[in-house]
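Student: Quick one: structure below, then a few questions.
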Amino acid sequence: MAQEDIQSAADAVSSANEPDGIMSFFTEERLDGILAWAAENALKVVAAILIFVIGKWIAGKIRNGVKKAMEKKEVDPALVSFGVNIIYYVLMIAVILAAVQQVGFQTTSLVAILGAAGLAVGMALQGSLSNFAAGVLIIMFRPFRIGDVINAGGQTGCVKEIGVLVTIMTSPDNKKIIMPNSAIMSGCITNITAHETRRVDMTVGVSYSDDLDKVQSIILDVLNADSRVLQDPAPQVVVAELADSSVNFNVRPWTKGSDYWGVFFDFQKTIKQRLDKEGVTIPFPQQDVYMHQVDKA
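Residue numbers (the working numbering): 21 to 317.
Given below as structure tokens:
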């Protein structure tokens, strides 16, 4: 009925130059049919809108409820954000399909069309899909959490947000780093702050003429005087190398992760001042050149 009316309307418009072309289309019977069709479909459209609005409201309530429940159980914030978004999107797809079906579309055909379109989009967005898959792996295996300092993909920074496609970090000099998840999962990940304590690795070089036992005692004394240096495990000071110009000590104290750089920088200054005070020489790189003169025969 509707198709015939539309075709008749098109014929009427094409014959608009005829005086009675348009008026002849709007007969009483045909007007009744159009009004009946409009009324019937208007109700369906209104019903579809109501289904969408109410369904969206319910989906939002469910999302918020799941989020509160996961936060109450102290689930990782990244997993909370990822999980509730997946739940919400799945519910919204169901709501949209229900609303479309109410209008009169066959959902089976629509699903087939969406599937074909999804396949085409997926082929065009292979990179994004790999990022999505990597994001799922990050959420599932949790090699790092929000707030951790990591080194991954050639970048070092503090993790601020773990998204579905990208991970956002802040570098030590306060730059914002947006890294695709696939770049993170495809290489080595170093979680610098995974443990509460860290070892500070340093090297101190002294002259070959200095008393090595005395130097070792001085270094240990400097370390033990710093309250940030842990005694368990105990700091380690050992002769590690007989270098070209110096005898090198490996200095390895343990400290809390938050005190790492403070201990590192303060030790450089303090040990230099203490060695100078004790008369210990910190040699410069040097090279001895011997000249041998050959007598002419």
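Here a beta-carbon is modelled for each residue, glycine too, at the ideal position from N, C-alpha and C. Quantities reported herein were computed from a predicted structural model and do not represent experimental measurements.
Please name the residue in Gly277, Val314 and Met222 whose C-alpha comes closest to that of Lys289.
Tutor: Met222
Student: Where Arg218 and Thr190 are concerned, what is the direct C-alpha to C-alpha distance, given to the nearest angstrom?
Tutor: Taking the straight line joining both Cα atoms gives about 21 Å.
Student: In three-state DSSP terms, what is Ile209?
Tutor: strand
Student: Taking only three categories from DSSP, how would you classify Gly41?
Tutor: With a pLDDT of only 49 at Gly41, under 50, the local geometry of the prediction cannot be trusted, and the value read off the model is given with reservation. Residue state for Gly41 is assigned as coil, using DSSP reduced to three classes.
Student: Measure the alpha-carbon distance for Ala119 versus Leu70 and round it to whole angstroms.
Tutor: 8 Å
Student: Along the chain, where does the alpha helix (DSSP H) that runs through Asn244 open and close?
Tutor: Leu232 to Asn244
Student: Which of the three DSSP states is assigned to Gln288 in this structure?
Tutor: helix
Student: Measure the alpha-carbon distance for His215 versus Met160 and round it to whole angstroms.
Tutor: 20 Å
Student: Restricting to Cα atoms, I'd like to know which of Ile74, Leu232 and Tyr280 is closest to Glu298.
Tutor: Leu232
Student: Quick check on Phe152: does DSSP put it in helix, strand or coil?
Tutor: helix
Student: Whose C-beta lies closer than 7 Å to the C-beta of Ile291 among residues of the same chain, with five residues either side of it excluded?
Tutor: Excluding positions up to five away in sequence, the list reads Val224, Ile239 and Val242.
Student: Assuming Ile198 contacts Val184 (C-beta within less than 8 Å), just tell me the rounded distance between them.
Tutor: The Cβ separation is near 13 Å, so there is no contact.
Student: What first and last residue would you give for the beta strand (DSSP E) that runs through Phe269?
Tutor: Unbroken beta strand (DSSP E) run through Phe269: Val267 to Arg272.
Student: Residues in the same chain with beta-carbon distance under 8 Å from Ser148, minus the five sequence neighbours each way, listed in chain order, please.
Tutor: Leu185
Student: So what does DSSP say about Gln122, is it helix, strand or coil?
Tutor: helix
Student: Just reading off the beta strand (DSSP E) that Arg218 is part of, what are its end residues?
Tutor: Thr217 to Arg219
Student: Do the stretch 88-106 and the stretch 61-68 make contact, defined as three or more Cβ pairs closer than 8 Å?
Tutor: no
Student: What are the residues that DSSP puts in a beta bridge with Ile188?
Tutor: Glu181 and Ile198
Student: The beta strand (DSSP E) spanning Ile170 covers which residue range?
Tutor: Val169 to Ala172
Student: Let's test the definition: count the other Cβ atoms within 10 Å of the Cβ of Trp274 and tell me whether it reaches 16, buried, or not, exposed.
Tutor: Buried.
Student: Residues in the same chain with beta-carbon distance under 7 Å from Pro163, minus the five sequence neighbours each way, listed in chain order, please.
Tutor: Cβ contact annotation for Pro163 (same chain, cutoff 7 Å, sequence separation greater than five): Ile209 and Asn211, in chain order.
Student: Using DSSP's beta-bridge definition, name the partner residues of Gln256.
Tutor: Arg272
Student: Leaving out five residues before and five after Val314 in sequence, what residues of the same chain have Cβ atoms less than 8 Å from its Cβ?
Tutor: none
Student: What three-state label does DSSP hand Gly299 in the structure shown?
Tutor: coil
Student: Express the C-alpha separation of Ile133 and Val95 in angstroms, rounding to a whole number.
Tutor: 38 Å
Student: Quick one: is Asn11 buried, meaning 16 or more other Cβ sit within 10 Å of its Cβ, or exposed?
Tutor: As displayed, the chain neither begins before 21 nor continues past 317, which places residue 11 out of reach and without an answer.
Student: For a test of the three-state rule: what should DSSP assign to Leu250, helix, strand or coil?
Tutor: coil
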